[in-house]
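In this note's numbering, the protein residues as written are 3 to 226.
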């Protein structure tokens with residue numbers, strides 16, 4: 003058996019509300035100045051439903067109360083045509099704006115939060131991040147890069163364990179100081195130390211063991 007259809011009641015139309023169109027000629031704070039052929043309203047406010055910010059020269063749809071003695075201000079309901087179709091500002095409640103300019107999108111807000119339930123991907127040929135202070139927190143972080151260049155003023159690293167495996171390691175420093183509480187062990191095929199001025203080795207116990215030859219050469223050798 004077919005379900006009967008019931009017509010919904012229609013909202014009554016207010017005969018005092020009249021729709022016209024005009025051109026934006028200027029702006030002062032929240033008021034937009036209008037220029038129309040009929041010469042009706044000379045200024046209007048932007049309606050909350052009109053998210054796109056009107057600009058000078060845009061043709062807009064105006065809703066105004068034509069009741070004699072009415073103090074209701076006219077409202078801009080929509081933008082019909084734009085003088086700069088490649089530019090636009092989308093205004094949201096709370097002072098948030100989305101600005102578009104020739105393919106470039108700019109978000110203006112006090113705080114911006116991107117929250118994804120499963121995964122967030124950012125892909126671009128170039129990426130620039132800048133700020134006064136930054137915090138990064140991950141339970142697990144994996145990074146891969148062909149070349150990394152970093153310039154740091156002060157670097158502080160605190161870790162329970164550090165493991166690194168490199169093909170070649172070159173380090174250059176003006177001064178180097180290391181404090182090791184327990185064991186410092188080096189295993190190498192060959193070790194060479196070259197000191198220009200003074201080489202000082204102090205230990206409570208020292209042992210030099212060699213299976214082959216031990217050579218000590220100097221202008222003066224003091225033992226004991």
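In this text, a Cβ means the ideal position worked out from N, Cα and C, and glycines have one as well.
Note that the structure is predicted; figures quoted are calculated from it, not measured.
Inset, instruction - Indicate whether the contact test is met: 3 or more Cβ pairs, each with one atom in the segment 103-111 and one in the segment 49-68, closer than 8 Å. - result: no
Inset, instruction - Could you tell me whether the Cβ atoms of residue 62 and residue 82 are closer together than 8 Å? - result: yes
Legend entry - Backbone secondary structure at residue 117 - three-state DSSP: coil
Inset, instruction - Jot down the residue ranges of each uninterrupted alpha helix (DSSP H) in the segment 17-61, minimum 4 residues, whole runs only, in chain order. - result: none
Legend entry - Nearest-angstrom Cα separation, counted from residue 164 out to residue 217: 37 Å
Inset, instruction - Pair every Cβ in the segment 86-95 with every Cβ in the segment 40-59, then say whether three or more of these pairs are closer than 8 Å. - result: yes
Inset, instruction - Express the C-alpha separation of residue 44 and residue 20 in angstroms, rounding to a whole number. - result: If I take the Cα positions, the gap works out to 15 Å.
Inset, instruction - Just the C-alpha distance for residue 113 and residue 54, rounded to the nearest angstrom, thanks. - result: 21 Å
Inset, instruction - Output the distance between the C-alpha atoms of residue 84 and residue 33, rounded to the nearest integer angstrom. - result: In a straight line, the C-alpha of residue 84 is about 18 Å away from that of residue 33.
Inset, instruction - Check whether the Cβ atoms of residue 131 and residue 122 sit closer than 8 Å, and answer yes or no. - result: no
Inset, instruction - Pull up the CB-CB distance for residue 79 and residue 58, whole angstroms please, since I reckon it's below 8 Å. - result: In fact, because the Cβ distance is near 18 Å, the residues do not count as touching under 8 Å.
Legend entry - Neighbourhood of residue 10 by C-beta, 7 Å cutoff - its chain only, sequence neighbours within 5 removed: Residue placement at residue 10 is poorly supported in this model, since its pLDDT is 47, which falls under 50; the coordinates still yield a value, given next. None.
Inset, instruction - Confirm, please, whether the CB-CB distance from residue 24 to residue 38 is below 8 Å. - result: Yes, Cβ-Cβ distance for residue 38 and residue 24 is below 8 Å.
Legend entry - Opposing strand residues paired with residue 101 [DSSP bridges]: Paired residue(s): 91, 108.
Legend entry - Three-state class that DSSP yields for residue 233 in the structure shown: Lying outside 3 to 226, the shown extent of the chain, residue 233 is not represented and no answer is given.
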